[in-house]
Amino acid sequence: MLSHQAIVKLKPNSKVPPDRNENRGLRVACPKTGKKRFIYRYRRTDGKLVEMTIGYFPQMQLAEDCAQ
Numbered sequence: 001m002l003s004h005q006a007i008v009k010l011k012p013n014s015k016v017p018p019d020r021n022e023n024r025g026l027r028v029a030c031p032k033t034g035k036k037r038f039i040y041r042y043r044r045t046d047g048k049l050v051e052m053t054i055g056y057f058p059q060m061q062l063a064e065d066c067a068q
């Protein structure tokens with residue numbers, strides 16, 4: 001489950017928790033730079049997977065992100 005504490009504990013290049021249940025489509029990426037970003041993923045009608053960066057942590061909090 002994606003939570004504030006889980007995001008804080010994410011280390012660079014760690015595996016991103018799968019997007020399931022209430023967080024479907026929402027992920028957090030933490031590349032080797034350590035800058036955590038919120039990603040929204042969805043599949044278009046033609047089957048192509050699309051990823052959009054919607055904000056960075058901690059400037060954007062998880063609650064704000066889920067509300068969008």
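If you count the sequence shown from 1, position 11 lands on 11 in the UniProt record's numbering, and the numbers rise without skipping. Ideal Cβ positions, reconstructed from N, Cα and C, are used throughout, including at glycine. Being a predicted model, the structure only gives us computed values, none of them experimental.
Neighbourhood of residue i by C-beta distance below 6 Å, restricted to the same chain and skipping five residues each side
{"i": "Phe57", "result": "Ile7, Lys36"}
{"i": "Arg43", "result": "Leu49"}
{"i": "Gly34", "result": "Pro12"}
Residue nearest to residue i in terms of C-alpha spacing, selected from the options
{"i": "Met52", "options": "Asp46, Thr33, Ile39", "result": "Ile39"}
{"i": "Leu26", "options": "Lys9, Arg41, Ser14", "result": "Arg41"}
{"i": "Cys30", "options": "Gln59, Met60, Lys9", "result": "Lys9"}
Exposure label - residue i; buried when at least 16 CB within 10 Å
{"i": "Val28", "result": "buried"}
Where residue i falls: helix, strand or coil (DSSP)
{"i": "Asp65", "result": "Confidence at Asp65 is low in this model, with a pLDDT of 49, below 50, so the placement of that residue should be treated as unreliable; the coordinate-derived value is given next. Of the three classes helix, strand and coil, the one that applies to Asp65 here is helix, per DSSP."}
Same chain, Cβ closer than 8 Å to residue i, five either side skipped, listed in chain order
{"i": "Gln5", "result": "none"}
Close Cβ partners of residue i (< 7 Å) along its chain, the five nearest in sequence each way excluded
{"i": "Lys32", "result": "Pro12, Asn13"}
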